[in-house]
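Below you'll find the structure, written out as structure tokens, and then a few comments.
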Amino acid sequence: MSTISLDNRQKSEVLAHLGVPEMAATLPFLEQLLAAYYCTIPWESAFRIVRQAETNTPSPRWPEQFWHEALTQGSGGTCFESNYAFFALLQSLGFAGYLTINNMGESIGCHTAIVILLDGQKWLVDAGLPLYAVLPIKSQEVVQRSSPFLDYTVRPDGRFHYQIERSPHPKPNAFTLIDEPVDDAAYRAATTADYGENGLFLDTVIVNKIIENQPWRFNMAERPWRLNRFDWGRRIDYEMAGDVATAVAEHFGLETAVVQKAFRLLAGREEKRP
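Residue 13 is where the sequence shown starts when you use my numbering, and the numbers rise one by one after that.
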């Protein structure tokens with residue numbers, strides 16, 4: 013299992029940034045931390061696009077760097093880095109658990125999640141999708157839980173496998189949880205590979221974040237470019253014009269220069285295509 017953890021200084025800085033006081037490792041505290049995370053830290057690909065361009069070899073942002081950039085530049089990440097960083101925070105706060113690497117449909121090993129153990133019960137935590145609720149895992153029982161934004165179902169599906177479902181959502185099956193611990197070496201290797209040739213979300217800027225209690229998204233792959241807001245399954249689009257990179261950065265609280273560079277890098281790649 014992973015032993016990754018934040019030091020006391022960074023732990024205190026992260027808690028202050030999230031606006032959550034330290035307390036005992038309980039389910040209510042875990043739920044408070046997750047809610048603070050998804051309202052503060054975006055799911056985003058801009059920083060990894062720039063990171064890949066600036067390094068000669070795959071160089072992930074490990075938890076210390078991930079949190080430093082989140083606190084100083086408004087960054088977030090995709091699932092491998094986000095869940096590793098969130099798990100490091102949880103372990104520094106006394107939570108026990110492990111990391112998992114999971115499947116999404118036919119895509120194998122493409123998504124990560126956290127399992128936390130509390131009083132003999134397993135709880136699924138995912139800062140890298142994110143899941144907007146902490147979900148109980150029960151091997152012989154279908155479990156349902158609600159969040160402010162989606163309803164969830166955890167459905168056992170064979171040995172150590174669970175289908176994680178959400179509604180209302182155009183893609184109801186979120187992922188297949190494979191409830192088997194992944195150690196640091198394997199997790200770090202997979203995270204590094206995700207910056208390589210077949211890495212995900214290195215070819216388009218996508219940002220998701222809860223802003224003023226509403227889910228917002230920008231997806232560069234969808235033209236014309238729009239901001240999307242979601243209201244219990246209903247999507248509302250907002251047209252964008254002018255300097256879209258700056259508008260995206262300002263809307264989601266990301267450092268403008270990084271988002272602008274990500275847009276330029278992708279535009280340059282597009283121009284080079286035959």
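Virtual Cβ for every residue (Gly too), placed ideally from N, Cα, C.
Per DSSP, the bridge partner or partners of T112: A125
Which listed residue (S24, L30, V26, G88) has its alpha carbon closest to that of V217: G88
C-alpha distance - A58 paired with F230, whole-angstrom precision: 11 angstroms
Sub-8 angstroms separation of S14 and Y199 beta-carbons: yes
Residue closest to P75, alpha-carbon to alpha-carbon, out of T69, A65, Q103, I61: Q103
Beta-carbon gap between G121 and A202 smaller than 8 angstroms: yes
Limits of the beta strand (DSSP E) - the one that I149 falls within: 147-149
Nearest neighbour of Q156, chosen from S24, R171, R178 [CA to CA]: R178
Counted within 10 angstroms of its Cβ, other Cβ atoms place K221 as buried (16 or more) or exposed: buried
Reference G3, options Q64, M35, L162, closest by Cα: Residue 3 lies beyond the stretch modelled for the chain, which goes from 13 to 286, so this question has no answer here.
Residues bridged to L239 [DSSP beta-bridge criterion]: F230, Y250
Beta carbon of Q85 nearer than 8 angstroms to that of E262: no
Run of the beta strand (DSSP E) containing Y164, from where it starts to where it stops: 163-168
Contact under 8 angstroms by Cβ, F161 with I126: no
Which residues DSSP lists as bridging Q133, in chain order: L130
Span separating the alpha-carbon of V32 from that of A97: 16 angstroms
Start-to-end residues for the beta strand (DSSP E) that takes in K23: No beta strand (DSSP E) holds K23; the alpha helix (DSSP H) holding it covers 20-30.
Backbone CA spacing between T67 and L101 [nearest angstrom]: 26 angstroms
Range covered by the beta strand (DSSP E) that runs through R60: No beta strand (DSSP E) contains R60, which is instead part of the alpha helix (DSSP H) from 58-66.
Cβ neighbour criterion (16 or more within 10 Å) applied to E81: buried
Spatial neighbours of D169 in its chain, beta-carbon cut-off 6 angstroms, leaving aside the 5 residues before and after: Q175
Cα-Cα separation, N185 to V166: 10 angstroms
8 angstroms Cβ shell around L214 - same chain, five flanking residues per side excluded: S57, R60, I61, Q64, Y207
Best match in P227, F92, R235, A257 for proximity to I248 [C-alpha to C-alpha]: P227
Where G280 sits in the DSSP three-state scheme: helix
Given N115 as reference, the closest of L27, I223, T188 once Cα atoms are compared: T188
Start-to-end residues for the alpha helix (DSSP H) that takes in A181: According to the sequence as given, residue 181 is His; it is not Ala. Note, H181: premise wrong, no alpha helix (DSSP H); not H, not E.
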